[in-house]
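Visitor: FYI, the UniProt record's numbering numbers position 28 of the sequence shown as 28, with every residue one higher than the one before it. We treat Cβ as the ideally placed atom computed from N, Cα and C, and that holds for glycine.
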Amino acid sequence: MNTDPIADYLTRLRNAIKANHRVVEIPSSKIKKEITKVLYEKGYIQSYRFDDASVQGTIKIALKYNPATKQSAIVNLERISKPGLRKYAHIENLPRVLNGLGIAILSTSKGVITEKEARNLNVGGEVLCYVY
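1) For Arg119, which residues of its own chain have a beta-carbon under 8 Å away from its beta-carbon, when the five flanking residues on both sides are left out?
2) Helix, strand or coil: how does DSSP classify Pro5 here?
3) Take Pro5 as the anchor and find which of Asn122, Ser81, Lys42 has the nearest alpha-carbon.
4) How long is the line joining the alpha carbons of Gly102 and Tyr130, rounded to whole angstroms?
5) With DSSP run on the structure shown, which of helix, strand or coil describes Gly84?
6) Write down every uninterrupted run of the alpha helix (DSSP H) in the segment 46 to 123 whose length is 4 residues or greater and which is fully enclosed by it, in chain order.
7) Should the segment 53 to 62 be called in touch with the segment 24 to 33, which here means at least 3 C-beta pairs below 8 Å?
8) Whose C-beta lies closer than 8 Å to the C-beta of Lys32 among residues of the same chain, with five residues either side of it excluded?
9) The beta strand (DSSP E) with Tyr132 in it runs from where to where?
10) For Val38, count neighbouring C-beta atoms within 10 Å of its own C-beta (all shown protein chains included) and say buried if the count is 16 or more, exposed if not.
11) I think Tyr40 touches Ile74, with their Cβ atoms under 8 Å apart; what is that distance to the nearest whole Å?
12) Is the Cβ-Cβ distance between Val123 and Ser109 less than 8 Å?
13) For the alpha helix (DSSP H) containing Tyr40, list its first residue and its last residue.
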């Protein structure tokens, strides 16, 4: 029984990056799929595939590395809103990560989106994590 599946997802990604793995396999859920899509759209991961063969299903993520320096595209993954202390952001005070160099992933009424898209859509929501 996992109390925080999003934190587990981020930890699995973080551990795979530190071990220089090319592919990481993570148990699937709807919110994890949406976070994976956002990471792919913003260029933090190379590709992904959803395998729904089993009951829960899995997400296979191909991590992105710089060919010259062998450094990952993701430097840090930080969980913000936790089950014990939820963090919500109103449209006026949406977070900026590294002065706009990183992204904050939010869960809003319009779906799981970045803070830049939330500003354009004029919505606030729960701040899930920071990625840079």
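Guide: Quick answer:
1) Position 119 of the sequence shown holds residue 119. The answer, listed in chain order, is Ile91, Leu94.
2) Here residue 5 refers to the residue found at position 5 when the sequence shown is read from its first residue. Reduced to three states, the DSSP call for Pro5 is helix.
3) Translated into positions along the sequence shown, residue 5 becomes position 5. Pro5 has its Cα closest to that of Ser81, out of Asn122, Ser81, Lys42.
4) As a working note, residue 102 is residue 102 in the sequence shown. As a working note, residue 130 is residue 130 in the sequence shown. The alpha-carbon atoms of Gly102 and Tyr130 are separated by roughly 7 Å.
5) Here residue 84 corresponds to residue number 84 of the sequence shown, with the count starting at 1. Gly84 falls in the coil class under three-state DSSP.
6) 115 to 121
7) yes
8) Residue mapping note: residue 32 aligns to position 32 of the sequence shown, counting from 1. The residues are Pro5, Ile6, Tyr9, Ile26, Ile59.
9) Stepping through the sequence shown from its first residue, residue 132 is reached at position 132. From DSSP, Tyr132 is part of no beta strand (DSSP E); its letter is neither H nor E.
10) As a working note, residue 38 is residue 38 in the sequence shown. Buried: at least 16 other Cβ atoms inside 10 Å.
11) On the sequence shown, position 40 is the one that residue 40 refers to. On the sequence shown, position 74 is the one that residue 74 refers to. Incorrect: roughly 12 Å between the Cβ atoms, too far for contact.
12) The count along the sequence shown starts at 1 and reaches residue 123 at position 123. The count along the sequence shown starts at 1 and reaches residue 109 at position 109. Cβ atoms of Val123 and Ser109: closer than 8 Å.
13) If you number the sequence shown from 1, residue 40 lands on position 40. Per DSSP, Tyr40 belongs to the alpha helix (DSSP H) from 30 to 41.
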